[in-house]
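K.L.:
The structure is given below, and queries will be raised subsequently.
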Amino acid sequence: MKVKVLCRNPDDYVRETTRDIQRVPRNYDPTLHPFEVPREYTRALNATKLERVFAKPFVASLDGHRDGISCITKHAKSLSTVISGACDGEVKLWNLPRQECLRTVQAHEGFVRGICSRFCGTSFFTVGDDKTIKQWNLEAPGYGVREEPINTILGKAVFTGIDHHQRESTFVTCGQTVDIWDEQRSSPIRSFSWGVDSFSCVRYNPVETELLASCASDRSIVLYDTRESAPLRKVIMQLRSNTLCWNPMEAYYFTCANEDYNLYTYDIRHLDVPVTVHMDHVSAVLDVDYSPTGREFVSASFDKTIRIFPKDKGHSREVYHTKRMQHVICVRWSADNKYVLSGSDEMNIRLWKANASEKLGLLSTREKAAAHYNKKLIEKFQHHPQVRRIARHRHLPGDILKQKREQREMKEARRRREQNVRKHSKPGSVPLLTEKEKHVAAVVE
Amino acid sequence: MAADEEELSINEQAISASEDEEGSDDERKHKKLLEAISSMGSRKRKKQNERSEASVQVSEFFVNAEGTGEKVNLSDLLGTVEKTSGASNKTKKQLRNLQSSKETLELPLNKQQTEKIQRGIAYEKTAAEVSCWRNIILQNQKAEQMVFPLNQESPGPKRVEQVVAGWKVQTPLEQEIFRLLHINSQPVDDPVLTPVEEQSLKAMSLEEAKIRRAELQKARALQSYYEAKAKREKKIKSKKYHKVQRKAKCKDFLKQFDEMVKTNPEGALEELKKMELSRMEERMSLKHQNSGKWAKSKAIMAKYDDSARKAMQEQLQMNKDLTQKIVVPSDDEHESNEEGLETIPDFVNDSEPVIDSVNPWMRGQLTHEEPEVSCVTTEDVQTAEEENEEEELVGEFERKRKLRQADEEDLIPTEEERKRAGLKKIQPASEVVEEDVVEVSDKEEEDDDDDDEEEEEEDVSEFNTLFRLMRSEKTLEGSNQTREGLNTPGQEDEEGLLNEGQIRVRNIEDLEVLGEFVDPQPIAEPSLPRTAAVEATSEPPYKKKREIDLKEVLTKEAKAVKVPFLPTVVDEEERDEQISIIKEAFAGDDVISDFIKDKSKLEAAGRPEVVDLTLPGWGEWGGVGLKPSRWKRKRERDEQISIIKEAFAGDDVISDFIKDKSKLEAAGRPEVVDLTLPGWGEWGGVGLKPSRWKRKRFRIKTAPPPPRQDQKLPDVIISENRNASVASHQVSQLPFPFQNTAQFESSIRTPIGPTWNTQSVVKNMTKPKVITKMGAIIEPMVKEDFIKNKTTTPGGKGPAIMLGENKRAKEGTKRSSEKHRGRRSQKRRK
């Protein structure tokens, strides 16, 4: 006779360790769990609120410089090391986790205009107002040994920026011309000039490593290919671009920070119209840096704020500011996509979280799951007015808010005026221009 | 070059012409002029001749370079060329053409323009090169999840040689091990394969290996299918199915064995030996000898229990079967051919096992065969199928028959029966007929019994039975040869009539037919249950046989020849006797009415019952035999209604509702706007009304609103107003990526939380778009990793127009491309 016995599989109820929580079998019958949309909506609303509650992006401030920070660079191989240059010619190496200065070098007389670290992480280059390019060892000299550069190159004119090749021992500087240097030589191996007398920034493309882009003082952005004898193309905008940054994951996109408070993302194959215009700043944008994932970028502005933009969105998702932070001159996104570093006029380097409400450190799987769920909920209900309102809410300093309003009014007035002009002139004589088209003056071949 | 030469030649021509005309005069003037100029300067410039060209006039003080200023004239060349025979006509022609043509070269483009063109070309090239990223970029943008850093090493275990790369032998044990490895030519690190393995690899090409792999896969798949099939078949509980299977197997084996006898006699012998061995084993063991505990218990029960008796018989039968000696088939065949009748084995004559094995009389007759019985003149010719069944059952029946003696002792048949068995050895049919009546209805049961019997057979016995079947088949074949063309029953009958010979009844049907011949009465009597049973089995041909007109049959009856053990002919008296016996047997019980009762009972059981929820004794007198009153049931309903009525006694809900609804409707209706101004344009005063015209003109009726949603629903109010409190939480516009509201709604409707979904689903649905590894540096993309097949050869496709400045650039590109290549090769080496 067969005896039927109730039996259970131990896998269903035995915990792997005693620290595990008890397994609760669930019945997923939808009739037992009604009102799924309202319940999830409530959860989403709560998640949004909590996200705002926990949004505390400021991590640390590194003080020690005796003048405004003019440039920052990341160490190529170490996440914890950052090099910064100040307006008094001082260069400092910082240890981020310990929040302390490891080393101070009096690198230049006058400004340190640019710093870049070598791809191998053994040395770094600085350029300054004293018309020199100096290569420094990243390891500190022994006790009692004077800090001296490995190599010094005396240029003919002031260098305003420097960038190193991703894999080869060449670097590029800009000043009156864009020069490409070999590390072993004291004169540039190639110079590019195209009817301009000064450049403010030059950057190597991290993916297509032979490509270069520079911002010139004649409001233009010039593209180069180191394999070609001449520059490639030039796009002239309404106002000057201060800096630019290539997308590290998408070879043909770069974003430039413009004096007209906006940032522009360009596709180098179609320079006549920017892909996206990013606007939110209320003053000139001074620096921009992409996140290493290439999904977002951070911008520093003269309006004393830092903003984080998704690469394809017109408006920022985040704005960081503190009372004491003055004009932000330089900004960098850390190589692990977690932090943002900003250097400002008032001699401080600040460390921010890239995601304001993210919990730092190791997370348990349940914490992780909850975070993911909340994120997804917010994303799912992002179009609901209450959720959107809370998620978008940011506190802004009064003057920035005022300026913002002012600018909105100005913009509206300009729009109205244009409309009126169009209305009272011959049809077709005042063409309708999109926001993107407005800012490009010309593309020069 | 050609163009240059042309130019030169033109100039030269001009100069030479002037020289020819004016000669040395000019030269002198020129010298004077030069001297005058030189004297003008304060410093005296001394002209030095430089030695540069070989000339005709050679001075010992300096090298004269008189010919330096003059360039080679084209005509000079032509002159010499014309004379030399070696120069080809083509070059001569070209030179002549040059001389005659008077076109000038275009000026080269100015610097700005050339640069512009260069830039344009370079830009196009770069843009094209960069475009190769398009697919990757799009793919990454669309990807549901990106994991950074890209190109992470696989987390799985690494190959040994990767781990061991920088490791060195240190301890003596390790040294020993490595020595051993070395001796056996085992690979220590980088080459993973031993020389033997490498050789084997070389032996088989990739294609072959693939084919072989495919074959192996196929074989494996087939095997697994076969296994699955076998498993499935094994699980089937149907006995019939297994029976059929076994039969098929037997048949196969028989065929094989036959072939074996012909082709491979040794193999057949071996088979035979096997059978013999199994027989011996059976003989040695006490199995199936009714000596065990179970058998003893059954022996006690046997007196009273038919089934127990039967079981015991089966056991014994099995023993007999298994221990029966096997006769070599070939010998048998010959004998049967020669001696024919006598050598036909006993069981050939056996009838179908329709006859109950319990029935002692049946068995009794079978034993007392007489030599004449086996005389076969004609036989029924049956279809092959029937034959098969028969073959199988024949063996079985024989088994039963052989049990006879033991049975006689055990079963102790009644005195009468035994007597009858002794007396009517030749005409045993009467008992069989008696049996028959029951049999027809019990047919199915018997089948089952047969099945059971067969189930019990062991593997060992299979050989024996098979062998026996084989033999029987052969004999049958022999007999089939003798009888021919007797397929139709009519013919058979005819023949029967003609011959008046013996008919051998070989299966149930015949037997039944014969039974019917004998006594129609008992069949008619229990007609009701029997027809039902027959219908259930539904065998139309047999049924037809049964419906044969009795009288017709009876006419033939007299001529039917009796087979000794079968009820072919029964005397009238005997029939009467039998009827009386049957009547006697069923004297007490009214079988038909019983059956009807049973049936109605079953039907009643199948019908759905009315569920009665009344509580007897609840609210009334309790006790045995009391039923809840109908009144009670009715009252309950009334009570409920009254309760409801009581609850809503004061308020007239329905009329209230109707009022509300009408109010709402009225509110929704547009009002007439009265814009009349009394006294405007006419006399004013108390009690004066605006004129009709005015009223008509200035009372404005607005268009009626669309019909209400609840217009046709009398007991429903549907509010069409927006709920303001909810509105603040609602989405007012269709958000961007969605095409229509349905899409958006469905995206909202699907819950993603763990309350509604299983863990894995939640995990899948909430997975983040970007995953980064903590503490890992995310490097930018590396071109070589992503775009592998595209080799960048910028040197090859340089600009079409080559200018002096470009040389450097070209060098640069060469260098860089070399570097590229170097890096790539390094990577590969890794």
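Residue numbers (our numbering), protein chains in the order written: chain Y, 5 to 449; chain G, 340 to 1169.
Yeah, the Cβ is synthetic: ideal placement off N, Cα and C, and Gly gets one too.
#1: Pull the bridge partners of proline 314 of chain Y from the DSSP assignment, please.
#2: Are the CB atoms of alanine 161 of chain Y and glutamine 139 of chain Y within a distance shorter than 8 Å?
#3: Could you name the residues of the stretch 245-272 of chain Y whose beta carbon sits closer than 7 Å to any beta carbon of chain G, in the order they occur along the chain?
#4: By the DSSP assignment, the beta strand (DSSP E) with aspartate 168 of chain Y in it spans what residues?
#5: For cysteine 124 of chain Y, does the count of other Cβ atoms within 10 angstroms reach 16, so buried, or fall short, so exposed?
#6: Measure the beta-carbon distance from phenylalanine 203 of chain Y to alanine 220 of chain Y and round it to whole angstroms, keeping in mind my assumption that it falls under 8 Å.
#7: Within a Cβ cutoff of 8 Å, which residues of the same chain sit near isoleucine 382 of chain Y, ignoring the five residues on either side of it in sequence?
#8: Using a Cβ distance threshold of 8 Å, determine whether the stretch 367-385 of chain Y contacts the stretch 1093-1108 of chain G, with at least three qualifying pairs required.
#9: Where does histidine 1068 of chain G sit, in a helix, a strand or coil, going by DSSP?
#10: Determine the DSSP secondary structure at cysteine 11 of chain Y, reduced to helix, strand or coil.
#11: To the nearest angstrom, how far is it from the Cα of valine 323 of chain Y to the Cα of glutamate 172 of chain Y?
#12: Note down, in chain order, all residues in the stretch 214-236 of chain Y with a beta-carbon under 8 Å from any beta-carbon belonging to chain G.
#13: Let me check understanding here. Comparing Cα to Cα, which of Y:Val86, Y:Met241, Y:Ala255, Y:Pro34 lies closest to leucine 477 of chain G?
#14: Look at threonine 213 of chain Y and histidine 274 of chain Y and say whether their C-beta atoms are less than 8 Å apart.
#15: Within 10 Å of its beta-carbon, does histidine 428 of chain Y have 16 or more other beta-carbons around it, so buried, or fewer, so exposed?
#16: Is it right to say isoleucine 166 of chain Y is buried, meaning 16 or more other beta carbons lie within 10 angstroms of its own, or is it exposed?
#17: May I ask you to list, following chain order, the residues of the stretch 82-93 of chain Y that have a beta carbon less than 7 Å from some beta carbon of chain G?
#18: Under a CB-based cut-off of 8 Å, is glutamine 103 of chain Y close to chain G?
#19: Which residues, in order along the stretch 31-50 of chain Y, keep a beta-carbon less than 9 Å from a beta-carbon of chain G?
#20: Output needed for valine 1109 of chain G: all residues of its chain with C-beta closer than 6 Å, excluding positions within five of it in sequence on either side, in chain order.
#21: Is the stretch 977-985 of chain G close to the stretch 994-1007 of chain G, with three or more CB pairs under 8 Å?
#22: Taking glycine 118 of chain Y as part of the beta strand (DSSP E), name the residues at either end of that continuous run.
#23: Would the stretch 6-25 of chain Y count as touching the stretch 1051-1065 of chain G if we require 3 or more Cβ pairs under 8 Å?
#24: So what does DSSP say about asparagine 266 of chain Y, is it helix, strand or coil?
#25: Specify whether the stretch 368-381 of chain G and the stretch 266-285 of chain Y touch according to this definition: at least 3 beta carbon pairs, one from each stretch, less than 8 Å apart.
#26: How many Å lie between serine 88 of chain Y and tyrosine 294 of chain Y at the Cα?
#27: Using the C-alpha atoms, what's the distance from proline 431 of chain Y back to glutamine 423 of chain Y?
#28: Check this for me: beta carbons of threonine 93 of chain Y and histidine 112 of chain Y, under 8 Å apart or not?
#29: Could you pull out every residue in the same chain whose Cβ sits closer than 8 Å to the Cβ of phenylalanine 1083 of chain G, ignoring the five residues on either side in sequence?
#30: Check the Cβ-Cβ distances between arginine 1061 of chain G and every residue of chain Y, and say whether any is below 8 Å.
#31: Is threonine 1130 of chain G buried or exposed, if buried means 16 or more other CB atoms sit within 10 Å of its CB?
#32: What is the C-beta distance between cysteine 75 of chain Y and isoleucine 119 of chain Y, in whole angstroms, given that I count them as a contact (C-beta under 8 Å)?
#33: Output the distance between the C-alpha atoms of isoleucine 240 of chain Y and valine 447 of chain Y, rounded to the nearest integer angstrom.
#34: DSSP three-state label for valine 149 of chain Y, please.
#35: What residue range does the alpha helix (DSSP H) around tryptophan 633 of chain G cover?
#36: For lysine 455 of chain G, go through chain Y and note every residue whose CB falls closer than 8 Å to its CB, in chain order.
P.N.:
Checking against the coordinates, here is how it stands:
#1: Y:Glu300
#2: no
#3: Pro252, Met253, Glu254, Ala255, Tyr256, Ile272
#4: Note that residue 168 of chain Y corresponds to histidine in the displayed sequence, not to aspartate. Looking at the DSSP string, the run of the beta strand (DSSP E) that includes histidine 168 of chain Y is 165-168.
#5: Label assigned to cysteine 124 of chain Y: exposed.
#6: Between phenylalanine 203 of chain Y and alanine 220 of chain Y the beta-carbon gap is near 5 Å, inside 8 Å, which marks them as a contact.
#7: Ala48, Ala51, Thr52, Glu55, Val391, Ala395
#8: A contact is defined here as three or more CB-CB pairs under 8 Å, and the stretch 367-385 of chain Y meets this definition with respect to the stretch 1093-1108 of chain G.
#9: coil
#10: coil
#11: 37 Å
#12: Glu214, Leu215, Leu227, Asp229, Thr230, Arg231, Glu232, Ser233, Ala234, Pro235, Leu236
#13: Per the Cα distances, Y:Ala255.
#14: Threonine 213 of chain Y places its beta carbon 8 Å or farther from that of histidine 274 of chain Y.
#15: Classification for histidine 428 of chain Y: exposed.
#16: buried
#17: Leu83
#18: no
#19: Of all residues in the stretch 31-50 of chain Y, only Tyr32, Pro34, His37, Glu40, Val41, Arg43, Glu44, Tyr45, Arg47, Leu49 place a beta-carbon less than 9 Å from a beta-carbon of chain G.
#20: Met485
#21: no
#22: 116-121
#23: no
#24: strand
#25: no
#26: Cα to Cα, the separation comes out at about 18 Å.
#27: 12 Å
#28: Looking at the sequence provided, one finds glycine at residue 93 of chain Y rather than threonine. For the 8 Å CB-CB criterion, glycine 93 of chain Y and histidine 112 of chain Y form a contact.
#29: Val1070, Leu1073, Pro1074, Phe1077
#30: no
#31: At threonine 1130 of chain G the pLDDT is 46, less than 50, meaning the model places this residue with poor confidence and gives no usable figure here.
#32: 5 Å
#33: 6 Å
#34: The answer is coil: DSSP assigns valine 149 of chain Y none of H, G, I, E or B.
#35: Counting along the chain, tryptophan 633 of chain G sits inside the alpha helix (DSSP H) bounded by residues 632-640.
#36: Glu449
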